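Once you know that position 14 of the sequence shown is 13 in numbering that gives the first Met the number 0, the rest is easy, because the numbers rise by one and skip nothing. Just so it is clear, CB atoms sit at the ideal spot from N, CA and C, and this is done for glycine as well. Everything numeric in this text was worked out from a predicted model, so none of it was measured. The next block holds one structure in the form of structure tokens; read it before the comments.
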Amino acid sequence: MNKKALHDALVAAGLSRLLKDLPALLAPSIHLIATPTPEAALASGSSKIGGIPDLPPDVAWPRWRRFPLAFIAQLRLAELAPYDSEHSLPAYGMLWFFYAARQQTYGADPDDLGSWSVLYRRTTTHLQPRLPPESLPCADRFSACQVHGANDSTLSQLPQSLIKNFDWSDDEQERYDELVSSLSAGTGKYEPHHSVLGHPYMLQDDMQEQCQLMRSGVRNVEDPRIELLCTRSRDWRLLLQLDSDERIHMRWGSSGMLYYWIRWPDLQAGYFADTWLILQSD
0 MNKKALHDAL VAAGLSRLLK DLPALLAPSI HLIATPTPEA ALASGSSKIG GIPDLPPDVA
60 WPRWRRFPLA FIAQLRLAEL APYDSEHSLP AYGMLWFFYA ARQQTYGADP DDLGSWSVLY
120 RRTTTHLQPR LPPESLPCAD RFSACQVHGA NDSTLSQLPQ SLIKNFDWSD DEQERYDELV
180 SSLSAGTGKY EPHHSVLGHP YMLQDDMQEQ CQLMRSGVRN VEDPRIELLC TRSRDWRLLL
240 QLDSDERIHM RWGSSGMLYY WIRWPDLQAG YFADTWLILQ SD
């Protein structure tokens, strides 16, 4: 939704008093409109979800514990640049996303590191369609979707962490939560919530703190580093949110979502080698 639509939605929900906090709650996002499309109809090197990746010849297929990862998506950044209102992404290049789909790690254990991969190349010449390794199960090979970007604005589900002098009543908090849920559900059953940047649509708990603690190797709640580490948890930013999409046989847990996260300094530097992935489902 655009800013005006979100403004009007708050007013319609009887939350006009919260309009003062709207700038803190909003984050621009790129909505990914995915249309199932035969692989042969997709232009080489174009943005897609599922299907077959177009990779440089010198890039090896990512693996984890000797098994190949499933190809999830590729994003041609020049195609998304018109919708990147804050210029958070590099203007050129390609991102590829992989994940250990059938092993379905959840990003809830430091040992999950390596069960996903995000690759980046600034140049997009000499790309070639790459068939997956024969050892990749058929269930880990998804049908293809053509992808188009669109401008979007997202509301945070964690207003307390963003608003100084938070003064909402319990009733306002409840109505706000209902509004965010209804806006997310309003896209419809067959319009998955795929997006780049912005606030995630969370199905469970705060993911920024989880990213920070898991990437730092925290394994128990008595770790003395937790308090200090949590002061930097807001450095983590959503890079890609991928919804379950039955149209291409892509399901995460029980109709859940994949979230790829990156630290803000790394995103600014165009460094995508150090990310964290979380899977949430109902």
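Selection from Q209, R236, L241 and L239 that minimises the alpha carbon distance to E226: Q209
Helix, strand or coil, according to DSSP, for I277 in the structure here? strand
Rounded straight-line distance, which links the Cα of S232 to that of C137: CA-CA distance, C137 to S232, rounds to 37 Å.
If you check the beta carbons only, do F96 and L239 fall under 9 Å apart? yes
Who are F66's beta bridge partners in DSSP? W63
CB contact check: H6 to chain B, cutoff 9 Å: Of the protein chains in this structure there is only one, and it is not chain B.
Presumed contact (8 Å Cβ cut-off) between L276 and W115, rounded CB distance: 4 Å
Give the list of continuous beta strand (DSSP E) stretches no shorter than 3 residues that lie fully inside the stretch 176-226. Runs found: none.
By a C-beta neighbour count over all protein chains shown, 10 Å radius and 16 as the cutoff for buried, is S254 buried or exposed? exposed
Nearest to A80 (by Cα), restricted to the options D139, S28 and H125: The option with the nearest alpha carbon to A80 is S28.
Short Cβ contact (9 Å threshold) for L88 with L266: Yes; because the gap between Cβ atoms is below 9 Å, this pair is in contact.
By a C-beta neighbour count over all protein chains shown, 10 Å radius and 16 as the cutoff for buried, is F271 buried or exposed? buried
Mapping DSSP to helix, strand and coil, what is Q127? DSSP places Q127 in strand when its eight states are reduced to three.
So what does D244 bridge to, in DSSP terms? When DSSP reads this structure, D244 sits in a beta bridge with M249.
Roughly how many angstroms lie between the CA atoms of H291 and T36, to the nearest whole one? No information on residue 291 is available, as it lies outside the stretch 0 to 281 that the chain covers here.
Among residues of its own chain, excluding the 5 on either side of S10, which ones have a beta-carbon nearer than 7 Å to its beta-carbon? Looking at the sequence itself, residue 10 is Val, so the reference to Ser does not match. Around V10: no qualifying Cβ.
Backbone secondary structure at A23 - three-state DSSP: helix
Please state the DSSP three-state secondary structure of W263. helix
Answer yes if the stretch 138-150 comes into contact with the stretch 36-52, meaning at least three C-beta pairs across the two stretches below 8 Å, and no otherwise. The stretch 36-52 vs the stretch 138-150: in contact.
Between which two residues does the beta strand (DSSP E) containing D83 stretch? Element bounds for D83: n/a, residue is neither H nor E.
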